[in-house]
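There are 2 protein chains.
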Amino acid sequence: MTKQKSIILEIINNSCEHLTAEAVYEKSLEKLPKIALATVYNNLNALTASGDIKRINMPDGSAHYDKTIPHDHMVCTVCHKITDVSSYGNYTDKKIKKAYEKATGENIIGYDLILYHVCGDCAKKQIKNI
Amino acid sequence: MTKQKSIILEIINNSCEHLTAEAVYEKSLEKLPKIALATVYNNLNALTASGDIKRINMPDGSAHYDKTIPHDHMVCTVCHKITDVSSYGNYTDKKIKKAYEKATGENIIGYDLILYHVCGDCAKKQIKNI
DNA sequence: ATATTTTTTAGAATTATTCTAAATTTTTCA
DNA sequence: TGAAAAATTTAGAATAATTCTAAAAAATAT
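Protein chains in written order, with our numbering: chain C, 50 to 179; chain E, 50 to 179.
Take a look at the structure:
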């Protein structure tokens, strides 16, 4: 575990946002002004492979990095804002896994779920434009 | 609806695979030897925007295009093979929407679900390697 | 403490995708 | 129908995200 790697992990674990590689790079520059962008990519890949962080792929193809505390994402189809959604409180995740294990006969290790909605701000704007 | 557009739509609707833009381009060359890669990208974007096809973003960041008949995807975490999973037979999709509408208080328009498993072939190989 | 291995750095290279401007095709409607 | 307008296609240049390379630095093992 190098300085670079631990700072990158810390940045992701301390952020409430869903950072892109570029954004992680910019934040890491504040702590390590000499860090290379390639190092950020290396470590994001390594941390994703080891399961310490999670990569989420947005519908527009952009990659964001996230903590591993299990949760789902809800994306506004208009402005693309990402909101975290707990997948725990209601045990939905266990239900989903069970339903799909039954349907497929496979052992479901995990899943990624991205929900789509129109956020409050965009809904307001849409009403105005009618 | 141009020749190019309709051929691209046909390729995606007649394929059982999950084609990348490049793969769609190669298939379309068989029918239209002069088609430009940019035309393929233009039309994939247009068809996605109009809802005639669907773009799926794999965990490794690669984009694949798919028919719009609603279904989910199961990806092998070892070889990344994609398998279609019906989301209809068991009404799971309605249940998922309802559960998350209750949890978030939002109107859920839709969702993308990617399930992870280890496929039969990879499971066999893993056993051998122990 | 020295050798070996791993990681970092900086910049070049690659890949996927988008942009641009001219040519072509399609659509509009007089 | 046929000219004008609008939209699409083409080819290639441009861009952006990511990976690769080779040397330097840091970490780890002996």
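Glycine is no exception: its CB is placed at the ideal position from the N, C-alpha and C atoms. Source: prediction; values computed, not measured.
- Closest option to Ser55 of chain E, judged by alpha-carbon separation, among E:Ser111, E:Lys144, E:Ala95, E:Leu68: E:Ala95.
- For Gly159 of chain E, the enclosing beta strand (DSSP E) starts and ends at 159 to 166.
- Where Ala112 of chain C is concerned, the enclosing beta strand (DSSP E) starts and stops at 112 to 115.
- Proximity of chain E to Asp142 of chain C at the Cβ level (cut-off 8 Å) is not reached, the minimal Cβ distance being about 10 Å.
- Taking 8 Å as the Cβ-Cβ cut-off, the stretch 99 to 123 of chain E approaches chain C at Arg104, Asn106, Met107, Pro108, Gly110, Ala112, Asp121, Met123, given in chain order.
- CA-CA distance, Lys144 of chain E to Tyr149 of chain C, rounds to 12 Å.
- Pro119 of chain E places its beta carbon less than 8 Å from that of Ser136 of chain E.
- The Cβ of Gly154 of chain C sits no closer than 8 Å to any Cβ of chain E.
- Here Thr126 of chain C really is in contact with Tyr165 of chain C; their C-beta atoms are around 5 Å apart, less than 8 Å.
- The secondary-structure analysis by DSSP pairs Lys103 of chain C across a beta bridge with C:Asp115.
- Put simply, the CB of Ala148 of chain C is near chain E, with a gap under 8 Å to one of its CB atoms.
- Neighbours of Thr126 of chain C in chain E, taken as residues whose beta carbon is under 9 Å from its own, are Ile158, Gly159 in chain order.
- Contact between the stretch 97 to 114 of chain E and the stretch 58 to 77 of chain E is established, with three or more Cβ pairs separated by less than 8 Å.
- Straight-line measurement puts the Cα of His113 of chain E at about 13 Å from the Cα of Val89 of chain E.
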